[in-house]
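Visitor: After the structure tokens below, expect a handful of questions from me.
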Amino acid sequence: MPDGISDDAEDVVGVLTERIEARFAMDMDQLKAAVAAAPTANPDATDVVRWHSLLVDAQSVLDRAEDDLLAALDTQSSAIDDPTMDLAHRVNAAVTARDGRALVVRWLLDPDAPGKKDLASQRLAGLRPRTGPAVQTSAPHRPAGTPASTSTSRAGRPVQ
716 MPDGISDDAE DVVGVLTERI EARFAMDMDQ LKAAVAAAPT ANPDATDVVR
766 WHSLLVDAQS VLDRAEDDLL AALDTQSSAI DDPTMDLAHR VNAAVTARDG
816 RALVVRWLLD PDAPGKKDLA SQRLAGLRPR TGPAVQTSAP HRPAGTPAST
866 STSRAGRPVQ
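So in the numbering used here, the last spot in the sequence shown is 875, and the numbers never skip.
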């Protein structure tokens with residue numbers, strides 16, 4: 716990449732790819748093949764592969780936007796025109812998208828991330844068999860002599 720725009724952006728994808736490969740003890744191509752063969756076998760791997768792919772796509776969009784901006788800046792005099800400013804906004808939007816996807820991948824890789832414990836509990840709860848109906852199927856027991864509740868109108872009077 717030409718000077719002026721940081722190469723750190725590409726490092727984001729590289730660093731996260733290395734972390735994914737270390738976490739799942741296989742390279743990305745192997746992991747993608749494993750997920751494609753059995754997408755429900757490991758939900759964590761499936762999520763990571765999906766978001767890594769989105770991250771790589773976002774990085775490609777960012778690279779193209781940066782290239783377009785640099786080409787436009789090479790033709791500018793001291794003042795920047797509106798089309799070039801639009802390209803700069805496109806770069807900013809692409810950075811935001813890429814960084815957001817990188818944050819999701821980092822979150823997916825961190826077993827202690829906020830919300831992960833609750834998510835794991837929800838997944839486990841979904842795997843446990845139910846022992847009864849999910850909702851109460853009979854009317855609650857009322858002690859003898861307790862009248863049934865009556866509906867009231869908006870004016871607060873009982874509806875007959």
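Even for Gly, the Cβ is constructed at its ideal location relative to N, Cα and C.
Out of curiosity, what's the CA-to-CA distance linking Ala753 and Phe739?
Guide: Whole-angstrom Cα-Cα distance: 15 Å.
Visitor: What are the start and end residues of the alpha helix (DSSP H) that includes Ser775?
Guide: Here the alpha helix (DSSP H) through Ser775 covers 758-789.
Visitor: Taking Cβ positions, are Leu770 and Ala817 nearer each other than 8 Å?
Guide: Yes, they are a contact pair.
Visitor: Taking Pro798 as part of the alpha helix (DSSP H), name the residues at either end of that continuous run.
Guide: It spans 797-824 - the alpha helix (DSSP H) in which Pro798 sits, taken as one unbroken run.
Visitor: For the alpha helix (DSSP H) that Asp744 lies in, which residues bound it at each end?
Guide: It spans 743-752 - the alpha helix (DSSP H) in which Asp744 sits, taken as one unbroken run.
Visitor: Excluding the 5 residues flanking Leu788 on each side, which residues of the same chain have their C-beta closer than 7 Å to its C-beta?
Guide: Excluding sequence neighbours, Leu788 sits near Thr799.
Visitor: For Ala794, count the other beta carbons within 10 Å of its own beta carbon; 16 or more makes it buried, fewer makes it exposed. Which is it?
Guide: Burial call: exposed.
Visitor: In whole angstroms, what is the alpha-carbon distance linking Asp762 and Leu823?
Guide: Straight-line Cα distance between these residues: approximately 8 Å.
Visitor: Please state the DSSP three-state secondary structure of Ile720.
Guide: A caution first: Ile720 carries a pLDDT of 44, below 50, which makes its placement in the model too unreliable to give a value.
Visitor: In its own chain, which residues sit with a C-beta less than 8 Å from the C-beta of Asp718, not counting the 5 before and 5 after it?
Guide: With a pLDDT of 42 at Asp718, under the threshold of 50, the predicted position of this residue should be treated as unreliable, though the coordinate-derived value follows. Same-chain partners within the cutoff: there are none.
Visitor: If you draw a straight line from the C-alpha of Leu802 to the C-alpha of Pro829, how long is it?
Guide: The straight-line gap from Cα to Cα measures roughly 36 Å.
Visitor: For Glu781, count neighbouring C-beta atoms within 10 Å of its own C-beta (all shown protein chains included) and say buried if the count is 16 or more, exposed if not.
Guide: Under this definition Glu781 is a buried residue.
Visitor: Assign Arg813 to one of two classes, buried (16 or more other C-beta atoms within 10 Å of its C-beta) or exposed (fewer than that).
Guide: Buried, by the Cβ-count rule.
Visitor: For Val727, which residues from the same chain have a beta carbon less than 6 Å from its beta carbon, with the 5 sequence-adjacent residues on both sides left out?
Guide: Once the five neighbours on either side are set aside, the close Cβ partners of Val727 are Ala817.
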